[in-house]
Structure formats: structure tokens, C-alpha cells
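Chains as they are written, first to last, in the numbering used here: chain A, 1 to 112; chain B, 1001 to 1113.
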């Protein structure tokens, strides 16, 4: 899926470490999203950016920060990782209202 | 707050039978309803969607129905095949403003050969 690229694909951290998950899209979409996916919980929205220069909290923002660097890139930062943040993280984009989201391949993050 | 409930959480059917997954949404302003299929270890991928001005949409073996009055929508898969085995997610969106999507918790479909 060349449309939405996430890096890294896998990461293991120790409690208290920080890291940034990167997301880049070449679809010229305005809106970008970060979700986390835990077993039996579906996709929960962490933060989203409706357009370049704006960001808003989703359902589970605590412990995370985001940056919409430009139209293409939307990063998610864990300042002090906790075991509860072990999850699969998906970035998604959408071109406009009433359109489907396009997902990246995900980042599998384990925090020990 | 906005919520989407999805049932059942797991569903097993014999190959060739039909499968139905149901979702109920709370935000009456929702007007766009996509369905995603997620295979193990892969990203969610859109399989079908419906907008609020349409009551039913069909694409080969897959169909979606929408009842705006009752605020629920359903995914129907006919003539199921082993490759239909996956987790299916419904979602609801207002389609305007901030374009937030609220997802159901998923249905794990197993098609038994």
C-alpha cells in the first residue's frame, strides 16, 4: 500500500522510553488519523488532524502527542512509554466527508 | 457520546451459507457507513460502504442495508467461502466537519469448509 506508509513496522521499548511513530501519505488527503487496536476493542481513535495545521483529541489521547508536520506527514509521539500502550497502531487518511479511510500497514509496539 | 455497537463478536458458518453482521449507531447525524475486512496481521480494508440517502447496496456476494429510523445497518455475505474468514468492522461517520469515524468492536467470522 504505497498510499499510506508507517514506520517502523515493529518496535520494542522499555517502560519510560520515548519514541515517535511516523506516518506519511501520498494520496493528497487532507485528514489523517491515529488509531490503536487492542484485542476485542476494535479501533480506538487517539488523535486526528482534519487538515494541515490542526489536530484534535480522539477517544484515548492520554500519554500521546501528535504533530501534523505538513499535508503529507502526521506523527505520533509517546513521551514516556507504559506497558498499557502495548498495541498495534494504525495511521489512516481520508480525502473528504463521506469517503472511506485508507489505512497504513500498522506499527506493532511492545513496551516491557 | 457517539457509539457504535456491533454484533455478534464471533460468527461461525458453514461454507456456502450466509453471514449477517449487525451494527447500531447512536449519532443521528451519521450519514456514511463503511465496512472493513481485516485479515490476521493486516490492515483494515474497505469492502463496501453506504450513504444515508440509500437503503441498500450490493456488490457481488456482499450487501449492506441501512435503516436510518432504527439507526442500524447490516452486512450480508452470501455463499460464504473460506477466504471470507476475517474480522469485520463497521463504522459510522458524519461525513462533514471533522470527519470522525466511530468503529464497532469487530466480528470474527469463521467459514468452515
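Backbone N, C-alpha and C fix where the C-beta goes; we use that ideal spot for every residue, glycine too.
Please read all numbers here as calculations on a predicted model, not as lab measurements.
Practice problem: Determine the closest residue to residue 35 (chain A) out of B:1111, B:1100, B:1086, B:1054, with distance taken between C-alpha atoms. | Solution: Position 35 of the first chain, counting from 1, holds the residue named residue 35 (chain A). Residue B:1100 is the option with its Cα nearest to residue 35 (chain A).
Practice problem: Take residue 46 (chain A) as the anchor and find which of A:55, A:27, A:28 has the nearest alpha-carbon. | Solution: Looking up residue 46 (chain A) in the first chain gives position 46. Closest option to residue 46 (chain A), Cα to Cα, is A:55.
Quiz item: Could one say the Cβ of residue 1003 (chain B) lies closer than 8 Å to chain A's Cβ atoms, at least one of them?
Solution: Counting from 1 along the second chain, the entry for residue 1003 (chain B) is found at position 3. No, residue 1003 (chain B) does not count as interfacial toward chain A.
Quiz item: Would residue 1044 (chain B) be called buried (16 or more neighbouring beta carbons within 10 Å of its own) or exposed?
Solution: On the second chain, position 44 is the one that residue 1044 (chain B) refers to. Buried, by the Cβ-count rule.
Quiz item: From residue 1028 (chain B) to residue 60 (chain A), what does the alpha carbon distance come to, in whole angstroms?
Solution: Along the second chain, read from residue 1 onward, the residue named residue 1028 (chain B) stands at position 28. Along the first chain, read from residue 1 onward, the residue named residue 60 (chain A) stands at position 60. If you take the alpha carbons of residue 1028 (chain B) and residue 60 (chain A), they lie about 23 Å apart.
Exercise. Taking 8 Å as the threshold, find out whether the segment 1069-1084 of chain B comes into contact with the segment 85-97 of chain A through three or more Cβ pairs.
Key: no
Quiz item: In angstroms, rounded to a whole number, what distance separates the CA positions of residue 13 (chain A) and residue 26 (chain A)?
Solution: Your numbering for residue 13 (chain A) matches position 13 in the first chain. Your numbering for residue 26 (chain A) matches position 26 in the first chain. Residue 13 (chain A) and residue 26 (chain A): Cα-Cα distance of roughly 29 Å.
Exercise. Run down chain A in chain order and give the residues with a C-beta less than 7 Å from the C-beta of residue 1105 (chain B).
Key: Here residue 1105 (chain B) is taken as the residue at index 105 of the second chain, counted from 1. The contacting residues are 40, 41, 42.
Practice problem: Kindly indicate which residue of B:1040, B:1050, B:1104 has the alpha-carbon position closest to the one of residue 1068 (chain B). | Solution: As a position in the second chain, residue 1068 (chain B) is number 68, starting the count at 1. It is B:1050.
Quiz item: Which word fits residue 107 (chain A), buried or exposed, when buried means at least 16 other C-beta atoms lie within 10 angstroms of its C-beta?
Solution: Sequence index remark: in the first chain, residue 107 (chain A) carries index 107 (1-based). A buried status is given to residue 107 (chain A), since no fewer than 16 other beta-carbon atoms sit within 10 Å of its beta-carbon.
Quiz item: Should residue 1094 (chain B) go down as buried or exposed, given a rule of 16 or more other Cβ atoms within 10 Å for buried?
Solution: Looking up residue 1094 (chain B) in the second chain gives position 94. So residue 1094 (chain B) ends up on the buried side.
Quiz item: Counting only beta-carbon atoms, is residue 100 (chain A) nearer than 8 Å to chain B?
Solution: For the purposes of this step, residue 100 (chain A) is taken as the residue at position 100 of the first chain. Judged by the 8 Å Cβ criterion, residue 100 (chain A) is in contact with chain B.
Quiz prompt | Where residue 1118 (chain B) falls: helix, strand or coil (DSSP) | solution = Not covered by the structure: residue 1118 (chain B). The range shown for chain B is 1001 to 1113.
Quiz prompt | Which listed residue (B:1018, B:1034, B:1112, B:1084) has its alpha carbon closest to that of residue 1054 (chain B) | solution = Residue 1054 (chain B) sits at position 54 when you count from the first residue of the second chain. It is B:1034 whose Cα lies nearest to the Cα of residue 1054 (chain B).
Quiz item: For residue 1034 (chain B), which of helix, strand or coil comes out of DSSP?
Solution: Numbered from its first residue, the second chain carries residue 1034 (chain B) at position 34. Here residue 1034 (chain B) sits in strand by DSSP.
Quiz item: Along the segment 77-108 of chain A, what residues have a CB closer than 7 Å to any CB found in chain B?
Solution: 90, 94, 97, 98, 100, 101, 103, 104, 105, 106
Quiz item: Under a CB-based cut-off of 8 Å, is residue 1 (chain A) close to chain B?
Solution: Taking the first residue of the first chain as position 1, residue 1 (chain A) is located at position 1. Summary for residue 1 (chain A): the model assigns pLDDT 48, below 50, so the residue's position carries little reliability; its value from the coordinates is reported in the next sentence. Yes, residue 1 (chain A) lies at the interface with chain B (some Cβ there is under 8 Å from its Cβ).
Self-check item: Cβ-based burial, residue 1015 (chain B) [other Cβ within 10 Å; buried from 16]
Solution: Walking along the second chain from the start, residue 1015 (chain B) turns up at place 15. Under this definition residue 1015 (chain B) is an exposed residue.
Exercise. Please confirm if residue 64 (chain A) has its CB atom under 8 Å from at least one CB of chain B.
Key: Taking the first chain and counting its residues from 1, one reaches residue 64 (chain A) at position 64. No, residue 64 (chain A) lies away from the interface with chain B (no Cβ there is under 8 Å from its Cβ).
Quiz prompt | Which of helix, strand or coil DSSP assigns to residue 103 (chain A) | solution = The residue given as residue 103 (chain A) occupies position 103 in the first chain. Reduced to three states, the DSSP call for residue 103 (chain A) is strand.
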